[in-house]
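Under full-length UniProt numbering, the first residue of the sequence shown is numbered 1, with each subsequent residue one higher.
Ideal Cβ positions, reconstructed from N, Cα and C, are used throughout, including at glycine.
Keep in mind the model is a prediction, meaning the values are calculated, not measured.
The structure under discussion appears below in the form of C-alpha cells.
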Amino acid sequence: MEYRWIETFLVAAKYKNFRMASEQLNLSQPSITVHIKQLEDALNTTLFKRENNRVTLTESGKLFLVQAKKMKQQWDESLQTFALQQKGVIEKCQIAITPMMVETILPNILYEFISTHPEYEISITIEESEKMEQLIEAGDIQLAIGLVQPGSKRVRSHLFVESPLQLAYPLDQYDDETGVFIEEHELFQQYPLFTGHDPTNFAYIQKEVARHYPSCKQIQLSHSYAVKKFIRDGLGISFLPKLILRKDMMEGRLNIYDFQSFPLPNVSLYFLYKELRSLEKSLIEVIESRHFA
Numbered sequence: 001m002e003y004r005w006i007e008t009f010l011v012a013a014k015y016k017n018f019r020m021a022s023e024q025l026n027l028s029q030p031s032i033t034v035h036i037k038q039l040e041d042a043l044n045t046t047l048f049k050r051e052n053n054r055v056t057l058t059e060s061g062k063l064f065l066v067q068a069k070k071m072k073q074q075w076d077e078s079l080q081t082f083a084l085q086q087k088g089v090i091e092k093c094q095i096a097i098t099p100m101m102v103e104t105i106l107p108n109i110l111y112e113f114i115s116t117h118p119e120y121e122i123s124i125t126i127e128e129s130e131k132m133e134q135l136i137e138a139g140d141i142q143l144a145i146g147l148v149q150p151g152s153k154r155v156r157s158h159l160f161v162e163s164p165l166q167l168a169y170p171l172d173q174y175d176d177e178t179g180v181f182i183e184e185h186e187l188f189q190q191y192p193l194f195t196g197h198d199p200t201n202f203a204y205i206q207k208e209v210a211r212h213y214p215s216c217k218q219i220q221l222s223h224s225y226a227v228k229k230f231i232r233d234g235l236g237i238s239f240l241p242k243l244i245l246r247k248d249m250m251e252g253r254l255n256i257y258d259f260q261s262f263p264l265p266n267v268s269l270y271f272l273y274k275e276l277r278s279l280e281k282s283l284i285e286v287i288e289s290r291h292f293a
C-alpha cells in the first residue's frame, strides 16, 4: 500500500468527485481512478459507489476513512519530526497562555528560554483560559498557563502563582502636589467598572459591587490589556491582579486604591498539561524561578 493512494483516497472522499480530486492533486483523472483501484485491490474491498459524476463512500469506505486520516496524521508528524532532527531540534512544544500573562514578564522569559535552547522548537499562542483544556486533550498544545483548572482527569494541572486583586483607577484623580485624594464611593460614582476579564472572580466582583455601589455602571471587557488601556485613558476603573499592574505603577501610568469595602480575592494561574517531557519540565522550572506575584 502506497501513501499516495491514501492521499488520493482522502481527497476524493472530501470532494466526492474524481475530477475535482484530480484538480486538487494536480493529477489526471485516470490516475485518480488507478490509485483508488489499486487501494481497493490492496484492501480487498470497494471504497466508493459511483453514480454519474459523483462518488460516495461505501460502508467499508467510511470505516477506512477514519484509519486513513490517522495514517496521514502519523505520516505528517513523522516528516515533521525528521525535518526538526535535520535542523538539530530534538523536541517541539506548542504553548498557550492567557491574554493576562502577556502583561507580565512571561514573554521575556519565553524569549530568553527559546534563545538559549536552540534544540527546542517552541510556538506560542494567546488563548482564552476556558479553551485550553480542550486544546490539550486534542493534542494541539502541550503546555498552557491559564486561569481555569481542568475538569477532565486526562488533563493535569498545578498552581503556578496567586496574585491579589487591586483596584486601579486613572492618574488624574490624584495630584502629588496638592494631595487631593478622591474617596472610594466617588470613584464608583464617577467611573464605570470594567469586568469580565477574570472569569474566575467575575461573578463575585459583580455581585459585591452591585451590593455596595448599586449606582455604579459595570461594563464587560474581555481582555485585561484593553482594560488597562481604558483606565490609562481615564475611561474607567477595574480590579486587576497585582502581577500585571507592577510595570504600570513603576512607570506612573495609573493609580492603585487602598480598597476596603469588601475582601478582594486572589487571581490563581495554573500550568495545564497531559504529561511533562524534559522540555516542559525545564520551561516550568525557569518560569517558576522568577518572581511574578
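Check	Outcome
Residue 67 versus residue 10 - alpha carbon distance	10 Å
8 Å Cβ shell around residue 56 - same chain, five flanking residues per side excluded	16, 48, 49
Stretch pair the stretch 151 to 164 + the stretch 239 to 246: three plus CB contacts closer than 8 Å	yes
Alpha-carbon spacing of residue 236 relative to residue 182, whole angstroms	14 Å
Reduced DSSP secondary structure (H/G/I, E/B, other) of residue 213	coil
Within 9 Å, strictly: CB atoms of residue 141 and residue 73	no
Nearest-angstrom Cα separation, counted from residue 264 out to residue 213	15 Å
Beta carbon of residue 154 nearer than 9 Å to that of residue 128	no
Residue 357, DSSP secondary structure in three states	Residue numbering for the chain in the displayed model covers 1 to 293; residue 357 lies beyond these limits and cannot be assessed.
Length of the line joining the Cα atoms of residue 134 and residue 206	28 Å
Extent of the continuous beta strand (DSSP E) run through residue 91	91 to 97
Close-in-space but distant-in-sequence residues of the same chain around residue 120 (CB under 6 Å, 5 per side omitted)	91, 279
Residue 272 beta carbon less than 9 Å from that of residue 100	no
Host beta strand (DSSP E) of residue 241 (start-end)	237 to 241
Buried or exposed by the 16-neighbour rule on C-beta atoms within 10 Å, applied to residue 292	buried
Span of the alpha helix (DSSP H), counted from its first residue to its last, around residue 24	18 to 25
Selected residue, minimal CA-CA separation from residue 268, among 147, 209, 40, 41	147
Neighbourhood of residue 191 by C-beta distance below 6 Å, restricted to the same chain and skipping five residues each side	236, 237
Chain-order list of residues whose beta-carbon lies under 7 Å from that of residue 157 (same chain, five-residue window excluded)	149, 150, 270, 271, 272
Completely contained beta strand (DSSP E) runs for the stretch 187 to 234, where each covers 3 or more residues	193 to 195, 218 to 220
Cutoff 6 Å; reference residue 200; Cβ partners in own chain excluding five residues on either side	147
Three-state secondary structure (DSSP) of residue 295	With the chain covering only 1 through 293, there is no way to say anything about residue 295.
9 Å Cβ cutoff met for residue 35 and residue 58	no
Sequence-distant residues of its chain with Cβ nearer than 8 Å to residue 175 (five each side left out)	The pLDDT assigned to residue 175 is 49, lower than 50, so where the model puts this residue is not dependable, and the model offers no usable value.
Per-residue burial, residue 255 [other beta carbons within 10 Å of its own, 16 or more giving buried]	buried
Residue ranges of each beta strand (DSSP E) within the stretch 113 to 149, 3 or longer	120 to 126, 143 to 146
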